Amino acid sequence: MSGLIKEPEVGGFSFENCKRNEYLMTKGGFTVPKAIKTGTTIAGVIFKDGVVLGADTRATDGNIVAEKNCHKIHYIAPNIYCCGAGTAADTEYTTRMVASQLELHRLNSGRQVRVVSANRLLRQYLFRYQGHVSAALVLGGVDINGPYLGSIHPHGSSDRLPYVTMGSGSLAAMAVFEDRYKPDMSEEEAKELVADGIRAGIFNDLGSGSNVDLCVITKDRAEMIRPYHVANERGVKQGNYLYKRETTQVLKKFEKKVHYEVMSTNVKEIRPAAETMEIA
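Under this note's numbering, think of the first position of the sequence shown as 2, with each following residue one higher.
In structure tokens, the structure reads:
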């Protein structure tokens, strides 16, 4: 018989934080933060010579349109751009941080940055925070290996696809892509396909709206087209809706005297260019 004491078996998960959270909510007065609803439509398509990225321009704060011309296509490198969905600040500063690191890499190596390098940095950063950084990204670019298009989810997972959509309007945009995508499209065909997908998200999703922005990336250039199309253009009013004076009936009039006392007076002198005037 062995003299060693058998250690108790331990489960694979620790629920200590669950007990702590339950105590804080019941006795500590802690209020659990609510999930924030965000809305966007972003998409990308690979064509014969490169990649086309697209996004809408509406930024929301709950059920309020906070910004009608938000910039959702972010610069990563001269040959790489990235569309962001989720929290605007998270997508902006995440892409800006990765862009600065890749710029240092490009200057030190003297070579063009590969798209997989940006993909790896973004995946590692988002995985580190386990989804608390609300950034869903569509990454596209062209390097020595040809066109590259992929999606990166807030928890750090990624996919490489010939066409991709993300955001609250992604289902409407994906329906357009599934119906009309074909390999080796021309640049104009790809631009119109992405624009139609973004428009589908704009017209079928309350979190998406305003304009359609596109970014065309090829081996020789990267072109931002902002806006490519104004989807929700404000119409012209058919008539004047201002009412004439005295249209609303006055039901009652009354006068009231206000009593006041002069506590002090002050004399100031103002000297205009032409004459001098004294006011008491």
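Heads up, the beta-carbon is just placed ideally off N, CA and C, and yes, glycines get one too.
A quick note: this is a predicted structure, and the numbers were derived from the prediction, not measured.
- As the crow flies, the alpha-carbon of S15 is around 15 Å from that of P9.
- Within its own chain, the residues whose Cβ lies closer than 7 Å to the Cβ of D206, once the five positions on either side in sequence are excluded, are G40, T42, S169, G170, A173, listed in chain order.
- Between A89 and K28, the alpha-carbon positions lie close to 35 Å from each other.
- Cβ-Cβ distances below 6 Å link T166 to A44, A174, M175 in the same chain, with the five nearest sequence neighbours on each side left out; the list follows chain order.
- Taken in chain order, the whole alpha helix (DSSP H) runs of length 4 or more contained in the region 130-213 are 171-181, 188-205.
- Beta-bridge partners of H75 (DSSP): C83.
- Around the CB of L25, fewer than 16 other CB atoms lie within 10 Å, so the residue is classed as exposed.
- DSSP, reduced to helix, strand and coil, places H106 within a helical segment of the structure shown.
- A straight line joining the alpha-carbon of I74 with that of S110 spans about 26 Å.
- Around the beta-carbon of D91, 16 or more other beta-carbon atoms lie within 10 Å, marking it buried.
- Annotation for K220: V143 place their beta carbon closer than 6 Å to its own, counting only its chain and skipping 5 residues before and after.
- Less than 8 Å divides the Cβ of D57 from the Cβ of S209.
- Note that the C-beta distance between A119 and L127 is not below 8 Å.
- The region 180-193 makes no contact with the region 143-157; the number of CB pairs closer than 8 Å stays below 3.
- Of the other Cβ atoms in all chains shown, 16 or more fall within 10 Å of the Cβ of N212; this residue is therefore buried.
- Comparing C-alpha distances from H106 to each of L122, T95, E270, K38 shows the shortest one belongs to L122.
- Counting along the chain, the unbroken alpha helix (DSSP H) around R21 starts and ends at 17-27.
- Spanning the alpha carbons of N233 and A201 requires a straight line of approximately 12 Å.
- If you look at L54, you'll find it in the beta strand (DSSP E) that goes 51-57.
- Residue burial is scored here from C-beta neighbours: L138 has at least 16 other C-beta atoms within 10 angstroms and is therefore classed as buried.
- Assignment of A89 by DSSP, reduced to helix, strand and coil, places it in the helix class.
- DSSP, reduced to helix, strand and coil, places V263 outside both helices and strands of the structure shown, so it counts as coil.
- In the structure shown, A232 falls within a coil segment according to DSSP collapsed to helix, strand and coil.
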